[in-house]
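Enquirer:
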């Protein structure tokens with residue numbers, strides 16, 4: 542199978558306010574295949590969110606190439622949609638209008654109205670179409686943000702720590718639902734998280750990122766069957782995957798910890 | 003088939019989310035008046051009672067000659083006076099003049115909205131205009147009234163000018179601040195969904211400024227009222243400010259307080275209108 546996302550030798554250098562040059566990402570390469578659920582875990586500040594913005598086209602790499610569906614990425618495009626950590630819903634728009642943001646910006650609101658209704662139902666927000674974000678709980682806001690991304694009919698869903706701002710119990714429900722949606726839609730998902738548990742639980746493949754400057758230090762195929770029931774979660778294999786990821790990540794996390802402590 | 007399953011799953015999952023609905027009070031619904039229950043009316047009731055008590059004490063102080071009718075007045079004197087100036091048409095004439103000045107200056111100051119948006123959007127424009135805005139904002143602009151009278155005369159135009167100046171810069175500054183505090187993650191989201199710069203401006207930045215614009219307008223109303231009164235106090239032949247001055251000069255304290263009451267009612271009214279407007283246009287705030 543041909544990969545639908547290819548990152549080739551990506552480097553990203555940015556300038557801080559005091560004029561310092563910082564390497565955010567160095568020599569990062571990866572191929573992601575259609576329909577894959579890939580998680581990226583790494584210590585905080587390693588450039589995980591930057592990676593999402595690079596694939597989306599919100600940021601341009603200093604060097605290297607990002608290819609999505611055989612085309613070089615030069616900016617955002619409807620074949621990719623981001624679910625942001627802080628939801629980024631427009632507070633003056635109700636759920637329905639937020640969900641229709643993508644089509645509206647492309648001047649296609651009318652032909653996507655039914656699609657919007659479908660995705661709103663799919664994420665479990667039926668009857669909340671007319672509610673405004675301030676009337677919703679954190680979990681519901683993130684459902685709305687997922688519906689917004691899905692309504693735009695992307696092939697690739699880029700999720701930037703989508704459940705970080707959702708409480709622990711809601712998070713588990715959202716994880717299950719996301720897997721269900723992913724399986725029902727067949728999208729490629731790139732999922733950023735700092736939770737090893739979440740990464741192992743959700744993904745086909747886990748990419749481990751180093752402390753800054755970020756690059757991939759290891760990858761792990763998770764060969765557990767879906768749906769990942771409690772039984773799967775309690776299995777020896779699941780435990781081993783988690784341990785493996787943590788063992789590999791530990792030194793990187795310590796690096797971050799040491800620089801912060803000093 | 004698979005789809006139906008996921009749909010029913012989705013629907014069953016909506017159940018826990020209904021916890022966000024307001025508590026339903028069908029079983030023990032409290033008594034309501036004009037859509038609010040008695041508990042919610044309590045602040046209003048206490049407020050009115052407070053006015054009545056203070057007004058009563060004020061009246062008592064007047065009746066007992068504790069306060070001097072030469073320099074102060076009390077309710078039983080200025081309330082009848084209020085009805086008198088309503089009957090004679092003096093109040094209507096004053097309000098027509100002051101109202102026109104207020105409206106003219108305030109409406110013109112709305113030009114501060116597009117200018118504020120432009121300043122917030124284009125940094126170069128901000129750099130160019132910032133020195134003037136900073137000065138105009140810091141300067142007690144009422145100092146310009148004598149000059150404005152020289153330029154525009156004793157009539158309505160000089161008052162419109164001072165009201166405009168007072169209100170305009172307030173609106174500009176609030177609006178520009180609104181543009182700059184637009185949540186960057188909303189801009190990023192719009193860009194990610196393919197929004198052009200123009201779309202980002204019209205669909206993200208402007209709506210997110212609405213609460214700031216309204217806050218600016220509220221301040222502007224206060225400043226515009228100051229402009230009306232100061233302008234008329236200093237140089238005019240008609241209007242509420244003029245009536246206030248002449249009442250004071252002639253020691254007609256009841257007339258003074260009657261006019262003051264009218265002014266207070268209008269100030270509170272405009273503030274209320276803007277509060278309602280804010281709730282309507284920016285319900286997500288507070």
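Protein chains in written order, with this note's numbering: chain D, 542 to 803; chain U, 3 to 288.
Virtual Cβ for every residue (Gly too), placed ideally from N, Cα, C.
Kindly list the residues whose CB is nearer than 7 Å to the CB of residue 590 of chain D, restricted to its own chain and excluding five residues on each side of it in sequence; keep chain order.
Expert: 701 and 733.
Enquirer: Would you tell me roughly how many angstroms separate the C-alpha atoms of residue 742 of chain D and residue 654 of chain D, rounded to the nearest one?
Expert: Cα to Cα, residue 742 of chain D sits roughly 33 Å from residue 654 of chain D.
Enquirer: Within the same chain, show all residues whose beta-carbon is closer than 6 Å to that of residue 594 of chain D, passing over the 5 residues directly before and after it, in chain order.
Expert: The residues are 600.
Enquirer: Cutting at 6 Å between CB atoms, please list the residues of its own chain near residue 188 of chain U, excluding the five before and the five after it.
Expert: Excluding residues within five positions, the ones whose Cβ falls inside 6 Å are 206.
Enquirer: Identify whether residue 673 of chain D lies in helix, strand or coil by the three-state DSSP scheme.
Expert: In this structure, residue 673 of chain D counts as coil in the three-state DSSP scheme.
Enquirer: Flag residue 599 of chain D as yes if its beta-carbon sits less than 8 Å from any beta-carbon of chain U, otherwise no.
Expert: Closer than 8 Å: yes.
Enquirer: Could you give the DSSP three-state label for residue 649 of chain D: helix, strand or coil?
Expert: Residue 649 of chain D falls in the coil class under three-state DSSP.
Enquirer: Assign residue 556 of chain D to one of two classes, buried (16 or more other C-beta atoms within 10 Å of its C-beta) or exposed (fewer than that).
Expert: Residue 556 of chain D is exposed by the Cβ-count criterion.
Enquirer: Nearest-angstrom Cα distance between residue 748 of chain D and residue 761 of chain D?
Expert: Their backbone Cα atoms lie some 7 Å apart in a straight line.
Enquirer: Compute the distance between the beta-carbons of residue 114 of chain U and residue 181 of chain U, then report whether it is under 8 Å.
Expert: Cβ distance not < 8 Å, so residue 114 of chain U and residue 181 of chain U don't count as in contact.
Enquirer: DSSP state of residue 613 of chain D, grouped into three classes?
Expert: Strand, per DSSP.
Enquirer: Can you tell me whether residue 780 of chain D is buried or exposed, with buried defined as 16 or more other CB within 10 angstroms of its CB?
Expert: Exposed.
Enquirer: Starting from the C-beta of residue 160 of chain U, find all residues in its chain whose C-beta is less than 6 Å away, skip the five residues before and the five after it, and write them out in chain order.
Expert: 150, 151 and 154.
Enquirer: Under 8 Å, CB to CB, which of the residues in the segment 50-84 of chain U have a partner in chain D?
Expert: Going along the segment 50-84 of chain U in chain order, one finds no residue with a Cβ nearer than 8 Å to chain D.
Enquirer: Closest to residue 158 of chain U by CA distance: which of U:284, U:69 and U:96 is it?
Expert: The shortest Cα separation from residue 158 of chain U among U:284, U:69 and U:96 belongs to U:96.
Enquirer: With a cut-off of 8 Å on the beta carbons, I'd call residue 629 of chain D and residue 686 of chain D a contact; round off their distance for me.
Expert: At roughly 7 Å, the Cβ-Cβ gap stays under 8 Å, so residue 629 of chain D and residue 686 of chain D are in contact.
Enquirer: Output, in chain order, the set of chain U residues within a Cβ distance shorter than 7 Å of residue 647 of chain D.
Expert: Under the 7 Å cutoff, chain U gives 196.
Enquirer: By Cβ distance below 8 Å, which residues in the same chain neighbour residue 583 of chain D in space, the five residues on each side in sequence not counted?
Expert: Contacts found: 589, 735, 749, 750, 751, 752, 755, 790 and 793.
Enquirer: Can you pull out the residues from the segment 613-633 of chain D whose beta carbon lies closer than 9 Å to at least one beta carbon of chain U?
Expert: Cβ contacts with chain U: 616, 617, 618, 619, 621, 622, 623, 625, 626, 627, 628, 629, 630, 631, 632 and 633.
Enquirer: Tell me which residues of the segment 564-596 of chain D have at least one Cβ-Cβ distance to chain U shorter than 7 Å, keeping chain order.
Expert: The segment 564-596 of chain D vs chain U, Cβ under 7 Å: nothing.
Enquirer: Identify the continuous beta strand (DSSP E) that holds residue 700 of chain D and give its terminal residues.
Expert: Element bounds for residue 700 of chain D: 697-701.
Enquirer: Using the Cα positions of residue 72 of chain U and residue 56 of chain U, report the straight-line distance between them to the nearest angstrom.
Expert: Cα to Cα, residue 72 of chain U sits roughly 21 Å from residue 56 of chain U.
Enquirer: Please classify residue 116 of chain U as buried or exposed, where buried requires at least 16 neighbouring CB atoms within 10 angstroms.
Expert: Exposed, by the Cβ-count rule.
Enquirer: For residue 559 of chain D, decide whether its Cβ has a neighbour in chain U, counting only Cβ atoms nearer than 8 Å.
Expert: It does not: the Cβ of residue 559 of chain D has no partner Cβ on chain U nearer than 8 Å.
Enquirer: Counting only runs of 4+ residues fully inside the segment 570-604 of chain D, write out the alpha helix (DSSP H) ranges in chain order.
Expert: Runs of the alpha helix (DSSP H) inside the segment 570-604 of chain D: 589-597.
Enquirer: Leaving out five residues before and five after residue 167 of chain U in sequence, what residues of the same chain have Cβ atoms less than 6 Å from its Cβ?
Expert: Correct list, in chain order: 143.
Enquirer: Starting from residue 296 of chain U, trace the alpha helix (DSSP H) both ways and give me its first and last residue.
Expert: Look at the range of chain U in this structure, 3 to 288, and you will see that residue 296 of chain U is not part of it.
Enquirer: What residue range is occupied by the uninterrupted alpha helix (DSSP H) comprising residue 662 of chain D?
Expert: Looking at the DSSP string, the run of the alpha helix (DSSP H) that includes residue 662 of chain D is 654-663.
Enquirer: Which residues in the same chain as residue 219 of chain U place their Cβ atom closer than 7 Å to its Cβ, once the five residues preceding and following it in sequence are excluded?
Expert: Excluding residues within five positions, the ones whose Cβ falls inside 7 Å are 173 and 276.
Enquirer: Please classify residue 46 of chain U as buried or exposed, where buried requires at least 16 neighbouring CB atoms within 10 angstroms.
Expert: Exposed.
Enquirer: In chain D, which residues lie less than 7 Å from residue 248 of chain U when you measure between Cβ atoms?
Expert: The contacting residues do not exist; residue 248 of chain U stays about 48 Å from chain D at best.
Enquirer: Looking at chain D, is there any beta carbon in it that lies within less than 8 Å of the beta carbon of residue 192 of chain U?
Expert: With 8 Å as the cut-off, residue 192 of chain U counts as an interface residue toward chain D.
Enquirer: Compare the C-beta of residue 6 of chain U against all C-beta atoms of chain D and say whether one is closer than 8 Å.
Expert: Residue confidence for residue 6 of chain U is low, a pLDDT of 44 falling below 50, so the modelled location carries little weight; the figure read from the coordinates is stated next. By this cut-off, residue 6 of chain U is not an interface position.
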